[in-house]
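Okay, structure first, notes after.
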Amino acid sequence: MFTRGFSIALVSLLQAIMPSLIAVGTLVLLCHAYGVVFSDFFQVLAVAVAILSSVLPRGRTNGQQPVLPAALPLALSVIVRWMLIVAILLGIGYVTKYSEDFSRRVVLTWVVVTPALLVLVALYLHEMMRRLLNDPKNTRGVAFVGCTDVSLMLADRITRNSRSLGMTVHGFFDDRGPDRLGHCGSMRRLGAMSDIFAAVQRKQIDAIFVALPMRQVQRVMDLVQELRNTTVSIYYLPDLCALDLLQARTGELLGMPVVSMCETPFYGYGGLVKRMTDVAFAAAILTIAAPLMVIIACAIRLTSPGPALFKQRRYGLDGHEILVYKFRTMTVLEDGRYVHQATRTDSRVTRIGRFLRRYSLDELPQLFNVLQGTMSLVGPRPHAVAHNEEYRQLIKGYMVRHKAPPGITGLAQINGCRGETTRVEDMQARVNYDLEYLRRWSPLLDLKILALTAVRVLRDEKAY
Numbered sequence: 001m002f003t004r005g006f007s008i009a010l011v012s013l014l015q016a017i018m019p020s021l022i023a024v025g026t027l028v029l030l031c032h033a034y035g036v037v038f039s040d041f042f043q044v045l046a047v048a049v050a051i052l053s054s055v056l057p058r059g060r061t062n063g064q065q066p067v068l069p070a071a072l073p074l075a076l077s078v079i080v081r082w083m084l085i086v087a088i089l090l091g092i093g094y095v096t097k098y099s100e101d102f103s104r105r106v107v108l109t110w111v112v113v114t115p116a117l118l119v120l121v122a123l124y125l126h127e128m129m130r131r132l133l134n135d136p137k138n139t140r141g142v143a144f145v146g147c148t149d150v151s152l153m154l155a156d157r158i159t160r161n162s163r164s165l166g167m168t169v170h171g172f173f174d175d176r177g178p179d180r181l182g183h184c185g186s187m188r189r190l191g192a193m194s195d196i197f198a199a200v201q202r203k204q205i206d207a208i209f210v211a212l213p214m215r216q217v218q219r220v221m222d223l224v225q226e227l228r229n230t231t232v233s234i235y236y237l238p239d240l241c242a243l244d245l246l247q248a249r250t251g252e253l254l255g256m257p258v259v260s261m262c263e264t265p266f267y268g269y270g271g272l273v274k275r276m277t278d279v280a281f282a283a284a285i286l287t288i289a290a291p292l293m294v295i296i297a298c299a300i301r302l303t304s305p306g307p308a309l310f311k312q313r314r315y316g317l318d319g320h321e322i323l324v325y326k327f328r329t330m331t332v333l334e335d336g337r338y339v340h341q342a343t344r345t346d347s348r349v350t351r352i353g354r355f356l357r358r359y360s361l362d363e364l365p366q367l368f369n370v371l372q373g374t375m376s377l378v379g380p381r382p383h384a385v386a387h388n389e390e391y392r393q394l395i396k397g398y399m400v401r402h403k404a405p406p407g408i409t410g411l412a413q414i415n416g417c418r419g420e421t422t423r424v425e426d427m428q429a430r431v432n433y434d435l436e437y438l439r440r441w442s443p444l445l446d447l448k449i450l451a452l453t454a455v456r457v458l459r460d461e462k463a464y
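In my numbering, the protein residues as written are 1 to 464.
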């Protein structure tokens, strides 16, 4: 008879491998059904889609996302992942010129049929997992040692996702009495720490989360030693709530456990997805905007002395200096120790420059920065080096925004944080949005920011 742990692990394994099996299996069956030879080209396509189905992330996990999402978000997630895979394959086919070697009837049918099968199987496995986790016999009783911010936070999240997790929060153990504890939410005090062993022996608790402060390491060690004679599962929750974490995650390095406290979200596959999206969109926009850019360049040269393009040193990813391209909109080319920000009635701005800045057309040459890899379509806006050196001394965490490649637009810009920063508080607001972008980043967030930018650029009063 399968144990609960084995059954859940089996369903999880099926959820991981079924997308690849379905995509490849459907391709083989369609070739057979249409009488098309499963040639070397189709074999390479099968290997590529199997790899992409396995490595592309299946969504971001955070404290607000349940272990088992609802059926509709799950179906949409499956469809979006499949569309991303198809887009990547089309890009590869376009670059390699091999797309003409495939049967279009097979490929088109495969593109349409596969997501339907993927959704059906995903929903079925989702239901199997839900039943396993919701089985009353499989529910695990959990308790916390210590009533702290981190234990209250986790207890609240477990309670809200108790059905999908298969866990029930019983309460917490703490040596402090009710008069010293203060507010402990909906959790009830089960007793002092000396009562833990007896509660575990009565089989009331299956898992314990130790949430004592890091300064009480000895108490944690003593507790672990005492509970070694039981079968209870023990987890330690480091109290990191007081720290401003960025892309916090756990992992290991050469077998040693580590906790990421400040990291870029664009590592591994996340960086690959962002880079491929940048190249595809930037190339498409440049193709469409090329005639307009030629007209703008000619207009700049004819209406004021100086080059059409303006290059300025700015900080890029990890604080490395980059050259950012813009259409020249002023009579000066400032890039020294002092760079004066443009004001609403700035006399340095040319007549055509004012029009370009109003509709952000002066930013179009930065698409070449995107293709170079020094910038991204979406990310924290790069500032002149002089401004960086000024504000890094005034705003705590200012340089952390450079854990992402700088963008043509960003979360700060669609929320109205652009234009002149006359006060430190104005720049602080930008930095807050930039750091929030790093915490929340996903490909869908980038698409949302791009869409909102296209809408906002027509009615942005701070563009001058």
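The beta carbon of each residue, even a glycine, is placed where N, CA and C say it ideally should be.
**Asked** For the beta strand (DSSP E) that Val324 lies in, which residues bound it at each end?
**Response** Unbroken beta strand (DSSP E) run through Val324: 321-327.
Query raised in the report: Alpha carbon to alpha carbon, how far is Arg358 from Ile352?
Result: 10 Å
Val279 to Met293 span [Cα, whole Å]: 19 Å
CB contact below 8 Å: Leu309 versus chain D: Among the chains of the structure shown, chain D does not appear; only one protein chain is present.
Looking at Leu56: is its Cβ nearer than 8 Å to the Cβ of Ile92?
no
Backbone CA spacing between Met128 and Ser12 [nearest angstrom]: So the two alpha carbons sit approximately 10 Å from each other.
By how many angstroms is the C-alpha of Ile285 removed from the C-alpha of Gly466?
Not covered by the structure: residue 466. The range shown for the chain is 1 to 464.
Original post:
Assuming Leu30 and Thr109 make a contact with CB atoms under 8 Å, what is their CB distance in whole Å?
Top reply: That pair is a contact at about 6 Å.
Point to revise | Supposed close pair Thr231, Lys403 - CB separation, criterion 8 Å | key: Actually they do not touch by this definition, with Cβ atoms about 43 Å apart.
- Task: Report yes if the CB atom of Tyr437 is closer than 8 Å to the CB atom of Cys417, and no otherwise.
- Result: no
- Query: Considering only the beta carbon of each residue, do Val385 and Leu435 sit closer than 8 Å?
  - Reply: no
**Request:** Kindly indicate which residue of His170, Gly171, Arg189 has the alpha-carbon position closest to the one of Asp179.
**Result:** When each option's Cα is compared against that of Asp179, the closest is Arg189.
Quick one: any contact between the region 307-314 and the region 376-384, if contact means 3 or more CB pairs under 8 Å? As far as the Cβ criterion goes, the region 307-314 touches the region 376-384, which means the pair count is three or higher.
If you reduce the DSSP assignment to three classes, tell me which class Pro19 lands in. helix
*asked:* Just to confirm before moving on: does the CB-CB distance between Arg348 and Val332 stay below 8 Å?
replied: yes
Please classify Leu165 as buried or exposed, where buried requires at least 16 neighbouring CB atoms within 10 angstroms. buried
### Query
Below 8 Å, can you find three or more Cβ-Cβ pairs linking the region 214-226 to the region 151-158?
Fewer than three pairs of CB atoms, one per stretch, sit closer than 8 Å, so the region 214-226 makes no contact with the region 151-158.
Residue range of the beta strand (DSSP E) that includes Val145:
140-145
Quiz item: Hey, how far is the Cα of Ser442 from the Cα of Trp82?
Solution: 16 Å
Q. Could you give the residue range of the beta strand (DSSP E) that holds Ser186?
A. From DSSP, Ser186 is part of no beta strand (DSSP E); its letter is neither H nor E.
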